[in-house]
Every structure is written in C-alpha cells, then in structure tokens.
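Residue numbers (full-length UniProt numbering), protein chains in the order written: chain H, 1 to 450; chain C, 1 to 399. Backbone N, C-alpha and C fix where the C-beta goes; we use that ideal spot for every residue, glycine too. Predicted model, so just to flag it, every value in this text is computed and none were measured.
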C-alpha cells in the first residue's frame, strides 16, 4: 500500500545562490578522482592501477579487501596521473586525466527480468555501480551477500540549495525504469519510491512501474531517506534495508540497457559566492576548479562538495564527492564580530526566535557563512532537537547514550534508524554547537564493530 | 572597536602558552568572546553552517525577560516602605529608595557568583559559561529587600559550588542554582528570609499604626487558624494604610515580598517574552498554573478549614508562584527534558505548591520547595517517558 506522510517538524534553510535550471558553459573538467574516503565503512581499499596506466570508463581501479566482489570503477577514460596517500599511507585519491572523448568498457547488456538474482548481483558488483547501494542501519556500502527487506529511493532533496532531480535527470526515464526493475530482484520486499507530496513529480518518475510510490511532504528533512523509512517501513533490530539515490538507479539502468558504466552526471554549482549559479554536465568526481575559478563574487570562500548541512569542505582544486550532486560555495566566517551574539539582526539565519535575532521576520533568502556563532558548550537548552527531527526518537537522550557509550541505550533509543544526514539539522540548530554528525557516526561505529 | 580589538590582541601573548598568565587563558577568552563573537568556523566535515543563536543569546534573552520584574520590584520596595512608614512619596522617591536597596544585592550576587565561576574555570581550565548570567539575576530577585549582603554572598557561593560546580558546571546541575541559594538561606539564616518582618524595609523609621508586614500567605494561614474567611482577612489586611491584599493588588504586585516575585503581571510579561522567543517551555508554565488551580479546587472541595476554602484562583496570585513557575520551573537543565515529561513536571509543581502552602505551617512559600523537590524527580519522570518511547519502538517490531 502506498503511503502518504505529512511531516510538520523540521526547518527549511533558505539560502541565496540557487542554481538556475540551465546548463552553463564552463570549461570542462580535465581531471577526475575517486576518493575512498567518500565511502563510509570502506575498510581496506586496494588500488588496482598504477600511475601512468590508461583506463576506460568502467575499468576497476580499486576494491575493498573486506568485500572484494564489489569493484570501484574509473568514471572516465584516460590516464591515471596520481594515487595520493596521506598519513600511514591511507589512500586518499586516485586521479585520472580524462581523454577528449570518453570510451567505455563493454560490460555487456542484460535484461534484469531474465537474469537470476545471483547473476544480477555479480553484474552490478563487477559493473562499478554497486557502491550506489547503501545499507541501513549504519549507512555503509551494501553487502552483496545480504538480502534487504526493502529498498528505498527518495525522489526529492530538501537540503539547502539541493540540485533539482527533475532537471538533473531529465530524459533518463528509460534507464530509471530498467534500474527499478533490477532493484526489484534484489530485495525480498518492495522497492519504495518516495516523492514530494507538495509538488508534481518530475517527468523521470512520472510513469514508473514495479515500485511502490509514496508521497512525503513537509519541511526539510522530509526528503531524507532515513526519515521516510521511519514513517513507511521502520528499521528494528536485526532488520536490513538498502537505499539508493535516483541517480544511482539510473546508473544501474544504463549498465543494463547500454552495457556500460556511465558516470556522466549533471551537478549544480550553487551558493551565494557563485556568480553564475547553474548546472554543469560532467562526470562523477570532477575537479571543481574550472567551475569555481573566475566564477566567484569574493575571494575568501569555502568550497563544499555537497550541501551545506552534510557536505565536506574541499579545496578550490578539489573533487566532487561520489554521492554528491552539487557543490556549494559560501563565504568563510573566520572573523570576530563586535557583540555579535547580542546585536539585533534580521539578516542572520536562526531557527530560534531568541530576542535580538529577528530572522523569522525576514521572508527572503539568507547569505550564511561558515562562522559557528558561538563556542561549544554542554547541552543546556532542551527540546530543540525534537523540533527538527520528524521521527519518534528522543535525540537528546540518544546523543547522551552515545556519549556514555551505552550500547543497550543506543540500540533502544533508535541508533539503527539514523545516520549523519538525519541529525544534520539538529547539528545546525544546536545552540551548544556540538558536532552531532560526528557523534552519531562514532555511535554507529561502536554498534557496527561490536 | 578597533582599539578594543588591539587591546585584546596586545595582552593576548601573556595568556597564551608560556605567557605569564597562562593559567588565566580561559578568563581572557571568556571576556574576549563577550565583546567579540569568536572567529571560529565550522569543521571540514559535517554542517558547514550553524544557526546564529548560541547559549549567550539564549541566556541574555532570559535576563531580558526578567527585567520587567526587576524594575517593578525596585519600585515596589520603595512603595512598600513609604506606605509602611506613612509618608507621601513621589514615583522618583520610591524608585530611588528601591534602587538603593536592590542594586547592592544585584551587584553582590553577580560579583560574587561570577568570581566563584571564574575561580572554577581557572582551576579546572574549562571555558567560562554563560549560565550564571541568569542565575545571578534570579538570586537577586528572590531575596527579601535589605537582606544582609554577606548572606547573599554566602548563599551565592554555596549555590555555585554545591548547586552547580560539583556536578560539573552549567548544564550538569540537578537543582536550580538560584533556588539552591534561596533554600540555603532559608535553612541557614531563617530569621532573615522568613517571617513577617523581612519583607518591608522600615529603616530607622517606625511603622504606622495598623501596619503588619505579614505576607499574603502568612495572612492566609493565620486567618485560617482563627477561622476567618481568608478572602476577607486578605482584603482587610493593612486596609487602614491603603495596602490591602485584594486580588488585583496581589496580581499587580503591590504587596510585600521578595524583590522580583510579587508582581504576577510582570512575571507574565516575562513569560510572554520567554514563550515568544521559544526559550521557556510553555508546557511547564501552563501545566504549572493548571496544577495549582486544580489542586486549589480539590482543596475547596475538601475544605476542612478556611485556607482550604480559599478560592483556587487566589493561589495563582499569592506569593512567588507565578515567578517561580515562569522563571524557576522552566530552567531547562533542572526541569524535565522530554516534552511529555514537561507536562507532568509542571503539573506536579503546581499541585505540590498548594499542598505545601495549605498543609505545612513551616513553609508558607510552597513554590520554592515544590520546584526543588521536582528538580530531584525530573530525571525519574524523564526515565519513564524515555522508557515508553523504547517500548513503543520494540512493539513496532512485531508488526
């Protein structure tokens, strides 16, 4: 049965710098990287290529020794120019200098309906698309040996300045359907596609079959797949679910229909410091310098791969993360402000209606920098997290259980149901400025490796 | 501003590692962050932007919410004084008299409290927390006018050390810090904080004939013992000097009492600020008043004496109930922290206040003990609310 979920809790962060729905004419990116650090839970990455090797799009470049059937593939064809390692030889980046025209490995077409499950799993794992499947609990790359009780796809993104799926995935209907058909074989239960109940579905999702369509509406984090799972088919101890982004579904579909690993991707270049905020057609792991340099309103900025709530700071020459559909550029906030905590203002964004902060009167969009607006403190104000987490979970108690490393409490209070992105908004609104996403990950790791 | 920044920059090396005041870095940092919001930025991973509200702003909002009560309290000290000694006085006379009484108490509670905090910050090397901004004001507002200042100092030190720092500082305390200060005085120096003589300051003058310094709660209790209807006793009390304890007078706050506690109206202005800004829990406030009213009504039904027969709504305006529920019970650290728990917590505070007031002659001001008692029980209430949540989550598994 399809479900209709209406959420009240949450907070929409309205920022300046939304990407215009058009493809901009940026100089194409030259280099592309695959970063093992993007894959949470990737334990022992092993590189399969050396500097100087030539690869095609879809050539295996890396795998995880702990889950060796899943390969991580080159997004583009070209020459491997760098294998960057950090402290203790930790693998950081495998960089490929792209060819002018991209050539693909021929991985063989297949009809998901006629393949048996094992053959399909093997094909997806060897075809480079497997890491798109994320397992819940824990939010790590799915294990091909498991069978999930359902697969969840969130068809909309409510994060600040998020890329518009309708524009990003336009014209990919055929591949999306093929991907859904393949996913249907992987689970013992249903494939849930959750769409925004407040607006019309984009064309790519319009005529999907073989999936259960649910409608979810409300402020952010309504688009978070974790919140949707909580209301549609919650995770209990011992349950296993998989999630995948619509882009990942299309990648699977392309592998089925075309027999290639296609990493082409439309990403949004957004943020208040971007002069020409628009979309660009490129490949996964693109170097962002050609989109950012010469496209800035000011010099002192932070470039973020992903959105401002869950993203990661990258350098001006950095690469877009594997799971990210956008980059966001905002001002750095490393300045002191005279009586900054006291002065009345309508231009500072706040969820709270504390006196002297009148942002709730401002119906426009905000330009927000990276200043933390205060120092870290113990939890003092109660009931704040509860207002922005639309789940039957008591976040304050869950956080305290993690701090105390109390395994039973963590389990019972719902740590199986959340990962970093679900508490990102809690982290934003917290007046005590704690790093809650990091805290949640440390709790998840305790449970995972215990 | 630039000059101020330069000043901070110029003394900074002394406080940094290796400097001569290295130990006092936390004090330096604390003061700098008050003048200048710090230049900290978000980390590389996680939320890249943060809400503009921090604990400092939360705390200052509570302080602002208490200012109407403080201003009224100052005026009322003067008002009560001139009524009692039977002199005509202008608004200005009253305000100045009140200021002379209240300001030293405020200065001592903030000065001594912050000094104690600073010592702990330096010794333990943890950042200066803004929690005392609120506690310092609260302590002053629950003191009788002209309490000996050394007692205020002693109570403040006790509250900060035993009420807060032994538990780990702001955010970790079990009891409301300001109430701890008051309870300390209540039991250590009862002569200066209870009875009929401390609520109106006469100075070296004599009270006029017919004046009695008893509080409304005291009047109610003794009237009940005499078998007089409480409402009548309140209305005739001090009527000869034009300061009767009518409902409206008690609501407005023109009665003797602690500095900031007497006016229900001003407490409600504070409540409006706290609720409007989302800082104070409206659930605790509403259920607190509701509990008082419900228990008052139950007392009416049982009515074996005149105090119990007093109309329930009188409980709402007598003593420091409104102030206690609005500013003390809603302290987010010592109150129940779950949303369901807040309803229960507030309700029980109201209920307990009436029970203590009506049945226990030793403690006419029930709200203080009720809040302290419920502070202790708040974790238990939360425990059961959290347990209910866990049970719900477990039941779901079978579906």
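Neighbour-count burial assignment, residue i, 16 or more Cβ in a 10 Å radius
i	result
residue 123 (chain C)	exposed
residue 148 (chain H)	buried
residue 448 (chain H)	exposed
residue 171 (chain H)	exposed
residue 331 (chain C)	buried
residue 291 (chain H)	buried
residue 224 (chain C)	buried
residue 165 (chain C)	buried
residue 393 (chain C)	buried
residue 164 (chain H)	buried
residue 7 (chain C)	exposed
residue 338 (chain H)	exposed
residue 228 (chain H)	buried
residue 125 (chain C)	exposed
residue 221 (chain C)	buried
Sequence-distant residues of its chain with Cβ nearer than 7 Å to residue i (five each side left out)
i	result
residue 409 (chain H)	401
residue 345 (chain C)	284, 335, 336, 374, 378 and 381
residue 397 (chain H)	413
residue 183 (chain C)	368 and 372
residue 377 (chain H)	432 and 433
residue 148 (chain C)	192
residue 296 (chain C)	312, 315 and 354
residue 253 (chain C)	72, 76, 262, 263, 264, 265 and 266
Cut-off 8 Å between Cβ atoms - residues of its own chain near residue i, not counting five sequence neighbours on either side
i	result
residue 83 (chain H)	47, 49, 50, 51, 91, 93, 94 and 95
residue 236 (chain H)	416
residue 106 (chain H)	259 and 260
residue 446 (chain H)	402, 405, 407 and 410
residue 286 (chain C)	346
Residues near residue i in its chain [Cβ-Cβ closer than 6 Å; skip 5 each side]
i	result
residue 133 (chain H)	142, 242 and 244
residue 33 (chain H)	93, 95, 285 and 319
residue 59 (chain C)	130, 133 and 134
residue 329 (chain H)	271, 273, 274, 301 and 303
residue 324 (chain H)	305 and 306
residue 231 (chain C)	none
residue 5 (chain H)	216 and 231
Residue i versus the options, residue with shortest Cα-Cα distance
i	options	result
residue 407 (chain H)	H:388, H:430, H:379 and H:444	H:444
residue 43 (chain C)	H:326, H:325 and H:332	H:332
residue 175 (chain C)	C:325, C:159, C:394 and C:187	C:159
residue 372 (chain C)	C:153, C:349 and C:387	C:349
residue 64 (chain H)	H:282, H:128, H:247 and H:426	H:128
residue 49 (chain C)	H:437, H:428 and H:436	H:428
residue 4 (chain C)	C:34, C:24 and C:22	C:34
residue 227 (chain C)	C:26, C:139 and C:309	C:309
residue 217 (chain C)	C:77, C:8 and C:354	C:354
residue 270 (chain C)	C:325, C:54 and C:79	C:325
residue 453 (chain C)	H:183, H:58, H:355 and H:430	This structure leaves residue 453 (chain C) out entirely; chain C is present only between 1 and 399.
residue 66 (chain H)	H:18, H:45, H:53 and H:13	H:45
residue 246 (chain C)	C:338, C:219 and C:61	C:219
residue 400 (chain C)	C:198, C:205, C:207 and C:107	Given a span of 1 to 399 for chain C in the structure shown, any question on residue 400 (chain C) remains unanswerable.
residue 371 (chain H)	H:15, H:340 and H:387	H:340
residue 156 (chain H)	H:204, H:121 and H:125	H:204
residue 364 (chain H)	H:309, H:3 and H:12	H:12
residue 73 (chain H)	H:81, H:386 and H:60	H:60
According to DSSP, residues forming a beta bridge with residue i
i	result
residue 279 (chain H)	H:23 and H:268
residue 357 (chain H)	H:345
residue 337 (chain H)	C:37
residue 67 (chain H)	H:64
residue 73 (chain C)	In the DSSP output, where bridge partners are listed per residue, residue 73 (chain C) has none listed.
residue 72 (chain H)	H:62
Any non-hydrogen atom of the ligand ADP within 7 Å of residue i CB
i	result
residue 106 (chain C)	The ligand ADP is not part of the structure shown, which contains no ligands of any sort.
(message) Which complete beta strand (DSSP E) runs does the segment 216 to 248 of chain H hold, if anything under 3 residues is left out?
(response) 241 to 243
(message) Which runs of the alpha helix (DSSP H) at least 4 residues long sit entirely within the segment 202 to 269 of chain C? Give them in chain order.
(response) 216 to 226, 230 to 236 and 247 to 252
(request) Output the residue ranges of the alpha helix (DSSP H) runs that lie fully inside the segment 141 to 210 of chain C and measure 4 residues or longer, sorted by chain position. (result) 149 to 158 and 177 to 188
(message) Runs of 3 residues minimum, wholly inside the segment 345 to 387 of chain C: which ones carry the beta strand (DSSP E) assignment?
(response) none
(request) Go through the segment 47 to 103 of chain C residue by residue and report every complete run of the alpha helix (DSSP H) that reaches 4 residues or more, in order. (result) 55 to 85
(message) Which complete alpha helix (DSSP H) runs does the segment 276 to 359 of chain C hold, if anything under 4 residues is left out?
(response) 282 to 302, 306 to 309, 312 to 317 and 339 to 359
(request) Run through the segment 152 to 209 of chain H for me and flag every whole alpha helix (DSSP H) of 4 or more residues, listed as ranges in chain order. (result) 165 to 168, 173 to 186 and 203 to 206
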